[in-house]
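Respectively, the protein sequence lines represent chains L and B. Position one of the first sequence corresponds to residue 6 (my numbering), numbered consecutively onward. Position one of the second sequence corresponds to residue 6 (my numbering), numbered consecutively onward. Taking it in order: structure first as structure tokens, then the write-up.
Protein chains: 2
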Amino acid sequence: MRALTEVSVINVGLERFAGPLKTLGVPVVQLQWQPPAAGDAALGQALARLTNHPRVEAANATAFERYLNANPVLEGVGEAARDIPGMGGNKRVLLHSGPPARWDAMCGPQRGALIGAVLFEGWAENPEQAERLLAEGGIELDSCNHRNAVGPMAGVISPSMPVWRVRETRGGGLTFSNFNEGLGRVLRFGANGADVLARLKWMRDTLAPVLSKTFDASGPIELKPLLAQALHMGDEGHNRNVACTSLLFRKLATAAAEHRAADEATLAEVFRFIAGNDHFFLNISMAACKAMLNAAAGVDASSMVTVMARNGVDFGIQISAFPGRWFEAAANYVEGLYFPGYGPDDAARDLGDSAITETAGIGGFAMAAAPAIVQFVGGTSDDALNNSLLMRRITLGANSGFTLPMLNFAGTPAGIDIRRVVDTGILPIINTGIAHKAAGVGQIGAGLVRAPAGCFLKALAALAERVGEDDA
Amino acid sequence: MRALTEVSVINVGLERFAGPLKTLGVPVVQLQWQPPAAGDAALGQALARLTNHPRVEAANATAFERYLNANPVLEGVGEAARDIPGMGGNKRVLLHSGPPARWDAMCGPQRGALIGAVLFEGWAENPEQAERLLAEGGIELDSCNHRNAVGPMAGVISPSMPVWRVRETRGGGLTFSNFNEGLGRVLRFGANGADVLARLKWMRDTLAPVLSKTFDASGPIELKPLLAQALHMGDEGHNRNVACTSLLFRKLATAAAEHRAADEATLAEVFRFIAGNDHFFLNISMAACKAMLNAAAGVDASSMVTVMARNGVDFGIQISAFPGRWFEAAANYVEGLYFPGYGPDDAARDLGDSAITETAGIGGFAMAAAPAIVQFVGGTSDDALNNSLLMRRITLGANSGFTLPMLNFAGTPAGIDIRRVVDTGILPIINTGIAHKAAGVGQIGAGLVRAPAGCFLKALAALAERVGEDDA
Chain L
6 MRALTEVSVI NVGLERFAGP LKTLGVPVVQ LQWQPPAAGD AALGQALARL TNHPRVEAAN
66 ATAFERYLNA NPVLEGVGEA ARDIPGMGGN KRVLLHSGPP ARWDAMCGPQ RGALIGAVLF
126 EGWAENPEQA ERLLAEGGIE LDSCNHRNAV GPMAGVISPS MPVWRVRETR GGGLTFSNFN
186 EGLGRVLRFG ANGADVLARL KWMRDTLAPV LSKTFDASGP IELKPLLAQA LHMGDEGHNR
246 NVACTSLLFR KLATAAAEHR AADEATLAEV FRFIAGNDHF FLNISMAACK AMLNAAAGVD
306 ASSMVTVMAR NGVDFGIQIS AFPGRWFEAA ANYVEGLYFP GYGPDDAARD LGDSAITETA
366 GIGGFAMAAA PAIVQFVGGT SDDALNNSLL MRRITLGANS GFTLPMLNFA GTPAGIDIRR
426 VVDTGILPII NTGIAHKAAG VGQIGAGLVR APAGCFLKAL AALAERVGED DA
Chain B
6 MRALTEVSVI NVGLERFAGP LKTLGVPVVQ LQWQPPAAGD AALGQALARL TNHPRVEAAN
66 ATAFERYLNA NPVLEGVGEA ARDIPGMGGN KRVLLHSGPP ARWDAMCGPQ RGALIGAVLF
126 EGWAENPEQA ERLLAEGGIE LDSCNHRNAV GPMAGVISPS MPVWRVRETR GGGLTFSNFN
186 EGLGRVLRFG ANGADVLARL KWMRDTLAPV LSKTFDASGP IELKPLLAQA LHMGDEGHNR
246 NVACTSLLFR KLATAAAEHR AADEATLAEV FRFIAGNDHF FLNISMAACK AMLNAAAGVD
306 ASSMVTVMAR NGVDFGIQIS AFPGRWFEAA ANYVEGLYFP GYGPDDAARD LGDSAITETA
366 GIGGFAMAAA PAIVQFVGGT SDDALNNSLL MRRITLGANS GFTLPMLNFA GTPAGIDIRR
426 VVDTGILPII NTGIAHKAAG VGQIGAGLVR APAGCFLKAL AALAERVGED DA
């Protein structure tokens, strides 16, 4: 935060007015301000109508309470074809991250990942064949979020892939995510070479059976206490998952040995794979967040955001009042730190379903839990703290199940309210990785990105229409 | 920190002078002040002579640099009789925490632990016999610190116990600690029943061989990077060790499976034991700190503290100028949070060698790394931050190998300077467990305790004498 000195000027509006004063040595603070509803008169009226609207308030209280009460547990390991609706019966279907996208408009990493998935499933013999098949519409493509699934980055899930099964035990159903492959050349960044496919096969044929046997013998794992503990250990559940991964590993390794889930050589392979990937837990965190937000979806007139997801071209949100309906705008570019040899010109736009973590109040919203993340995404530890404080201004409340030690155990700000986003112009902060724009290069950095304003403006207009109609 | 309002008075000295002003509604801030050197004129002169003394300054620079450069690695598992000097040859010798203590003046938990160790070694058949043997001087007793060893709480090490072997690779030797037994009824809190002895036997006969085989096959583990990472995950290395334990477990479980250190049933037992004890790493952290401080010991005229240790009766320190020489004062009682059913009347005095962590700049000095610890020891997260800031005032510098995310990655305050302690009256803050005063009840709480001033005053007098003599 900037401190005001004794003699100073606050400049509201055009920044150039501040110039002459600065030249005279007068301290000037530029107020970060923009008119509500982006200065649009019709939207301004819509915002005014929805602000403090009793139906919206009551709906949000219900949606937020359902989110708070949701209880996701990691039930175990499934298979996409068997568990995810509409993926069985030998259908040629692939899921991807973000709002629905057409093949010819997709970003590089997502195309690369889909080609890899076609090869993995054996539907084509080489990348050219796979690309042709995809371009000709020979494969059904759908958004993960349409099937209660989430996937980081390209987010591609194919029928034979193993998936995490997360059950919401207070009446919700199952949510799913794929398995995390680690860093480097991996499918989720669009790589699809022999090494990538071999790893996916090992994950399907060795890792998944061992984990499946382990879970079947040892029983489900409650995810909220695990996430809560990790928030006290420097994780924020999106871009820092080392604590959650380590805590999960302790449980899994012990249970795997105890229940003889495999011979020692196989156990060693499995342990090495999980222990070698600090982001192993990310996909589980995402499925847990999806479960909590599914619980909040479908409350008529609620302005609470229940999905934020990106396909590398567009950023889409859903709100509780309109389950399944997307409000989209062009995805932003991530601002952050690049790995050596890469820069902003190499970056894809913001990509993946992982913003479901911020939607659920962790990730960028819980940055105060993870000050060490600034070494990865840039900024200072005060920025981390201030980001959590800033998100309070656009959220419905705090989640006392996820507390922030640095803020003396205040709950994470949670339940993004599109009205507050439009009113304040403060956009949700997302911690995320940066993918190379070309398929298969992989992660080239990490940083912060904001959700684009357009999604929230469109959702607000739609909600105002709905609430207005009903009132009429 | 208390903010000054526009019109206010700072009152120095007797607090009652502030009373009338407060009555008049004038804001008064009472300065927490005490005269340097506890108001003792001779000590004041000694302090003046040592302050900015070129020989002391140069010696401290050397000692502090040696501490910073020390590189402890966890080499593996040994046996006290084989590895610790003077413990072999079937000698009846037991080590204990803190400065040397005589049997008849020892605290309850330490007596209980020594009785248990006599039974564990088979030198007596029942507790009464063991007690008689100890009372009659039939067992040689010595301080762990005299043998490059450290042990938490009662700190008892007997010849057949397994020990951690930590090697300082920049020219230092080995340091040792015993294995952590977990919480509840354990030897280090003075318990010595059949369950306690059975666990110790299992640790010796099963756990230690498996870990020994694992280390022999997989090689040593660098401890400073592990501790540094844990400080970014909410540990402070004394009273919070969950991150370090989890990170170590990841390495050990993978290596144990990879090198087939045991059959699966035994591996499962070992994994369950380690994964079930968030403090498993504490003893390793202590041996690492001992190694770093050993490197700093023995620099003539240095006023840097190299040992702080308590035997439940006395608190002893050593400074670099006088290796092996104790300066003692009565140990304080810990202020903190008690487990249900216990209170201050049940507590033993401050106990154990674990204050070696604070001596090395972690533990209470690194509380800013572990704001979540206040849920265990009391206070607010601001207190955690402020404790680290306060310790800057009595230390020689910062350890950039151990950084504090909440303080924007400043190094931990390290290298306690007895001159600054005596000058400011600020006493080292220690995070610690609270033992029941009776043998064998176990831990009854946790909190903060200060080192007693007397140790530092005595050490200062001795150093002034030495430096004065040499100058004459």
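All C-beta atoms, glycine included, are put in the ideal place defined by N, C-alpha and C.
Anything in chain B within Cβ reach of L:Leu272, meaning under 7 Å, just list it in chain order. Ala262
With a Cβ-Cβ cutoff of 9 Å, do L:Leu468 and L:Ile399 count as a contact? no
For L:Gly438, count the other beta carbons within 10 Å of its own beta carbon; 16 or more makes it buried, fewer makes it exposed. Which is it? buried
Selection from B:Ala371, B:Arg425, B:Pro410, B:Thr311 that minimises the alpha carbon distance to B:Ile361: B:Thr311
If I measure Cβ to Cβ from L:Phe254 and keep anything under 8 Å in the same chain, skipping five residues before and after, which residues do I get? Phe276, Ile279, Ala280, Phe285
Within 10 Å of its beta-carbon, does B:Gly178 have 16 or more other beta-carbons around it, so buried, or fewer, so exposed? exposed
Can you give me, in chain order, the residues of the segment 382-398 of chain B that have a beta carbon less than 9 Å from any beta carbon in chain L? Thr385, Ser386, Asp387, Ala389, Leu390
Give me the residue from B:Asp88, B:Ala326, B:Thr67, B:Leu202 with the minimum Cα distance to B:Ala122. B:Leu202
For L:Ala464, does the count of other Cβ atoms within 10 angstroms reach 16, so buried, or fall short, so exposed? buried
Check B:Ile120 in the structure and name its three-state DSSP category. helix
B:Thr259 touches chain L at which residues, Cβ-Cβ below 7 Å? Ala273, Phe276, Arg277, Ala280
Relative to the alpha-carbon of L:Asp221, which residue among L:Ala266, L:Leu231, L:Ala419, L:Gly346 has its alpha-carbon at the smallest distance? L:Ala266
Please return the same chain residues whose Cβ sits closer than 7 Å to the Cβ of B:Cys149, not counting the five positions on each side in sequence. Leu100, His101, Ser102, Val155, Gly156, Gly160, Ile162, Asp358
Could you pull the start and end residues of the alpha helix (DSSP H) that B:Phe381 belongs to? 379-382
Examine chain L for any beta-carbon lying closer than 9 Å to the beta-carbon of B:Tyr241, and answer yes or no. The displayed chain sequence assigns Glu, not Tyr, to residue 241 of chain B. By this cut-off, B:Glu241 is not an interface position.
Under 9 Å between the Cβ atoms of B:Ile289 and B:Ser307? no
To the nearest angstrom, how far is it from the Cα of L:Ala8 to the Cα of L:Met238? With a pLDDT of 43 at L:Ala8, under the threshold of 50, the modelled position of this residue cannot be trusted, and the question is left open.
For B:Ala477, which residues from the same chain have a beta carbon less than 6 Å from its beta carbon, with the 5 sequence-adjacent residues on both sides left out? Low confidence applies to B:Ala477: its pLDDT is 46, below 50, so where it sits in the model is not reliable, and the reading given next is rough at best. Around B:Ala477: no qualifying Cβ.
Using 8 Å as the cut-off, classify the Cβ of B:His101 as near or not near the heavy atoms of the ligand GDP, replying yes or no. Absence of the ligand GDP from the depicted structure is noted, as is the absence of any ligand whatsoever, leaving it without description.
L:Pro90 and L:Arg170: beta carbons closer than 9 Å? no
Residues in the same chain with beta-carbon distance under 7 Å from B:Ala373, minus the five sequence neighbours each way, listed in chain order, please. Ala389, Leu390, Ser393, Leu409, Met411, Leu412
Whole angstroms is fine: what's the gap from L:Ile144's alpha carbon to L:Ala196's? 19 Å
Assigned exposure category for B:Gln115 - 16 Cβ within 10 Å defines buried: buried
Assuming B:Thr417 contacts B:Ala371 (C-beta within less than 8 Å), just tell me the rounded distance between them. 5 Å
May I have a chain-ordered list of the alpha helix (DSSP H) segments no shorter than 4 residues that lie completely inside the segment 122-190 of chain L? 132-140
Since L:Val379 and L:Gly341 should fall inside the 8 Å C-beta cutoff, what is the C-beta to C-beta distance between them, to a whole number of angstroms? Their Cβ separation, rounded to whole angstroms, is 10 Å, which puts L:Val379 and L:Gly341 out of contact at 8 Å.
Considering only the alpha carbon of each residue, which of L:Arg71, L:Thr174, L:Val446, L:Arg397 lies closest to L:Pro225? L:Thr174
Quick one: what's B:Val426 bridged to in DSSP? Answer by DSSP bridge pairing: none, since B:Val426 is not bridged.
Considering just the uninterrupted stretch of the alpha helix (DSSP H) at B:Phe220, what are its terminal residues? 213-223
Local conformation of L:Tyr347 per DSSP, three classes: coil
If we require 3 or more residues per run, which beta strand (DSSP E) segments fall completely within the segment 430-471 of chain B? 434-440, 448-455
So is L:Pro418 in contact with chain B if we call contact Cβ pairs under 9 Å? no
For B:Ser308, which three-state DSSP category applies? coil
Measure the CB-CB distance between B:Leu236 and B:Phe69 and report whether it falls below 9 Å. no
Can you tell me whether B:Thr219 is buried or exposed, with buried defined as 16 or more other CB within 10 angstroms of its CB? buried
Could you check whether B:Ala75 and B:Asn299 sit closer than 9 Å to each other, using their CB atoms as the reference points? yes
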